[in-house]
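K.L.:
The following block contains the structure, expressed as structure tokens.
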Amino acid sequence: MIQSTPITFALPKGRLAEQAIEILEQCGIDCAPLKLETRKLVLSDGVGKFRFIFVKPADVPTYVERGAADLGVVGKDTLLEENKDVYEPLDLKFGACRMCVAGFPGFSTAELSRNLRVATKYAAFARAYYQRKGIGVDIIKLNGSVELGPVIGLSDVIVDIVESGKTLEANGLCVLEEICPISARLVVNKVSLKTKSADILPLIEKIKGIV
Ligand code: PRP
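Residue 361 is where the sequence shown starts when you use my numbering, and the numbers rise one by one after that.
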């Protein structure tokens, strides 16, 4: 039965989108409209049961926390940084990488007589990480190409995700510390999980069976 209020799914633009759509298709959702070349930001599945919004990855937790989206797909790196109040019922297993501290080989904080300069897209996460370690830091927030930090002398190290390691290698850097594994997660709005449980719970089960 098609209900009047569609289930809204927030999908991250970029590297995780394709695999997220693949999983939804395997759940039997008609995702053909999502593959068309369009500038539209709100798209429906074939039967109008689902509505999809494409947003910047960092905004997925915000849409889901506030209930503007019932569900979302987002990297664990983004969840760690954004720290929003959402359910995170499933590790989707794709988009696997590692959150790391990286810098020039042999770099050691022991030699520093000032705060460690850390360039990162994950400012809140990196600050909390070094606070737990009791290391004084100067966090330098960047929005991309973070590896440039040590290379150009802007920072001593970076805190960033490492997937293949090729970007580090190409820039003469290496992993200094592995912080935690990262992968894509399914997130759910806490109220939606109760009020739309008849639709959302079976979908979570289906996705669980696939991943
Ligand atoms: C990410 C990340 C690293 C790179 C790691 O950047 O911030 O720079 O990928 O991947 P690798 O280990 O396979 O080389 P992204 O490609 O998202 O671009 P950005 O630098 O604009 O953030």
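Beta carbons: idealized from backbone N, C-alpha and C, even for Gly.
Predicted, not measured: the structure shown is a model, and the values here were computed from it.
(1) Taking the DSSP output, what are the residues bridged to Ile367?
(2) Please determine, among Gly525, Cys387, Leu502, Thr480, the residue with the shortest C-alpha to C-alpha distance to Cys457.
(3) Report whether the distance from the Cβ of Gly525 to the nearest heavy atom of ligand 1 is below 7 Å.
(4) Buried or exposed: Glu555, going by 16 or more other Cβ atoms within 10 Å of its Cβ?
(5) Spatial neighbours of Ile362 within its chain, please: CB distance less than 8 Å, with the 5 preceding and 5 following residues excluded, ordered by chain position.
(6) Closer than 7 Å to a non-hydrogen atom of ligand 1 - does that hold for the CB of Lys481?
(7) With a threshold of 7 Å (Cβ to nearest heavy atom), would Leu439 be considered close to ligand 1?
(8) Specify, as a first and last residue, the run of the alpha helix (DSSP H) that Glu523 falls within.
(9) Rank Pro393, Arg375, Arg545, Gly513 by C-alpha distance to the C-alpha of Asp451 and give the top, closest one.
(10) Work out the CA separation of Asp498 and Ser473 for me, nearest whole Å.
(11) Please list, in chain order, all residues of the same chain as Thr469 whose beta carbon is under 7 Å from its beta carbon, the five residues on each side excluded.
(12) Do Leu376 and Gly455 have their C-beta atoms closer together than 8 Å?
(13) For the stretch 533-549 and the stretch 429-440, state whether three or more C-beta atom pairs, one from each stretch, are separated by less than 8 Å.
(14) Let me check one thing: in DSSP terms, what residues is Asp451 bridge-paired to?
(15) Which whole-angstrom value is the C-beta distance of Ile500 and Gly509, which I expect to be below 8 Å?
(16) Determine the DSSP secondary structure at Met361, reduced to helix, strand or coil.
(17) Run through the DSSP bridge pairs and tell me what Ala418 is partnered with.
(18) Can you tell me whether Lys481 is buried or exposed, with buried defined as 16 or more other CB within 10 angstroms of its CB?
(19) At a cut-off of 7 Å, is Leu528 close to ligand 1 when judged by its beta-carbon and the heavy atoms of the ligand?
(20) Around the C-beta of Val433, are 16 or more other C-beta atoms found within 10 angstroms, so that it is buried, or is it exposed?
(21) Less than 8 Å between the C-beta atoms of Ile570 and Cys387, yes or no?
P.N.:
Let me spell this out:
(1) Phe410
(2) Gly525
(3) yes
(4) Residue identity check: residue 555 is Thr in the sequence provided, not Glu. The residue is exposed, with fewer than 16 neighbouring Cβ atoms inside 10 Å.
(5) Bear in mind that the predicted position of Ile362 carries a pLDDT of just 49, short of 50, making it unreliable; the figure below should be weighed with that in mind. The beta carbon of Ile362 lies closer than 8 Å to those of Val407, Gly408, Lys409 in the same chain, with the five residues before and after it left out.
(6) Yes - ligand 1 has a heavy atom lying nearer than 7 Å to the Cβ of Lys481.
(7) no
(8) Here Glu523 belongs to no alpha helix (DSSP H), and DSSP marks it neither H nor E.
(9) Arg545
(10) 13 Å
(11) Leu476, Ile495
(12) yes
(13) yes
(14) Arg545
(15) 7 Å
(16) Any reading at Met361 needs caution, since the residue's pLDDT is 48, under 50, leaving its predicted position unreliable; the model's value is listed next. Correct three-state label for Met361: coil.
(17) In the DSSP output, where bridge partners are listed per residue, Ala418 has none listed.
(18) buried
(19) yes
(20) Burial call: buried.
(21) yes
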